[in-house]
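Below is one structure, written out as structure tokens; comments come after it.
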Amino acid sequence: MRILKLLTHAVLRGFSPQISYKPNEEIDKLVNAFVEDVKNHFSFEEELMEKNHFFAYHIHREEHRKMLEEINRIKEVWDRKKDRSALRSFLKEVFVPWLLHHVTTMDTATANYIVSQMGLIFLK
Ligand SMILES: [Fe+2]
């Protein structure tokens, strides 16, 4: 989340002459950190789901896979064209709305399931 915030600010900054401009090299680092952060987070969730035999594991994992594909595509566009506007649009119009929806549906359902499983362990 911290990386997402830093990256979003960095690509927005380039658009306003009043705010200091971030060089492409700095955005490169943030894009790489963002990709790693998302991958690690998805892997963490997938491990938890697998360990807890979450019933909708494959559906949840598929949502992650599709989003990672999108992220890799936008990273590739960034690496090739250094197009801040494409990066900004992706974050604002694709990633953030997806994340909000994903957290309130898949992640919440997963967390509720795992917590309920834990509750069952304590009741046994
Ligand atoms: Fe998730």
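In our numbering, the protein residues as written are 182 to 305.
All C-beta atoms, glycine included, are put in the ideal place defined by N, C-alpha and C.
Here the structure is a predicted model, which is why all the values come from computation and not from measurement.
Span separating the alpha-carbon of R277 from that of L188: According to the sequence displayed, residue 277 carries Val and not Arg. When rounded, the separation of the alpha-carbon atoms in V277 and L188 is 12 Å.
Candidates S224, H190, L249, F271: closest to Y238 by CA position: Measuring from the Cα of Y238, the nearest candidate turns out to be S224.
Within 9 Å, strictly: CB atoms of M287 and I252: Using a Cβ distance threshold of 9 Å, M287 and I252 do not count as a contacting pair.
Span separating the alpha-carbon of H282 from that of E227: Between the C-alpha atoms of H282 and E227 there is a straight-line separation of about 18 Å.
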